[in-house]
Amino acid sequence: MSGRPLDVLEASLEETVTVNLKDGSSYHGTLAGYDQHMNVVLEAPPEEDEQILGEIEVTPVEDTTIIRGDNVVTIKA
618 MSGRPLDVLE
628 ASLEETVTVN
638 LKDGSSYHGT
648 LAGYDQHMNV
658 VLEAPPEEDE
668 QILGEIEVTP
678 VEDTTIIRGD
688 NVVTIKA
C-alpha cells in the first residue's frame with residue numbers, strides 16, 4: 618500500500634490492524650473507523666488472530682476502542 622495516510626486507512630477499513638502507541642504499547646483489532654485527525658476505532662479481532670498473538674506483546678481489544686490520533690506512532694495492516 619502507498620499513498621496518503623488517510624487513503625491507506627480507507628483501504629484498511631474492516632481489516633485487522635496493529636496500532637503502536639507513543640508509550641510503547643500495541644493494540645490489535647479490526648479497524649472500524651477513523652477521522653481526519655487519525656483517531657481510530659478498533660473492534661475485537663477475529664478469534665483466530667488472538668491465538669497467533671499469544672507469543673508477541675500486543676493487546677487485542679475486547680470491546681469497541683477509540684485511540685486518539687495524537688498517541689499513534691504506526692498502524693500496520
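Under my numbering, think of the first position of the sequence shown as 618, with each following residue one higher.
Don't be surprised by glycine CBs; every beta carbon is placed ideally from N, CA and C.
Endpoints, beta strand (DSSP E) assigned at residue i
i	result
Ala-649	643-651
Val-696	The requested residue 696 is not part of the displayed model; the chain covers only 618 to 694.
Lys-639	Note, Lys-639: premise wrong, no beta strand (DSSP E); not H, not E.
Thr-682	682-684
Given residue i as reference, the closest of the options once Cα atoms are compared
i	options	result
Leu-648	His-654, Val-678 and Asn-688	Val-678
Asp-680	Ile-692, Gly-646 and Thr-633	Gly-646
Glu-664	Leu-626, Glu-627 and Thr-633	Thr-633
Ala-661	Ile-683, Gln-653, Asp-652 and Val-689	Ile-683
Boundaries (first-last residue) of the alpha helix (DSSP H) holding residue i
i	result
Glu-627	622-629
Bridge partner(s) assigned by DSSP for residue i
i	result
Glu-660	Thr-647
Thr-696	Lying before the first or after the last residue shown, residue 696 is absent from the chain, which here runs from 618 to 694.
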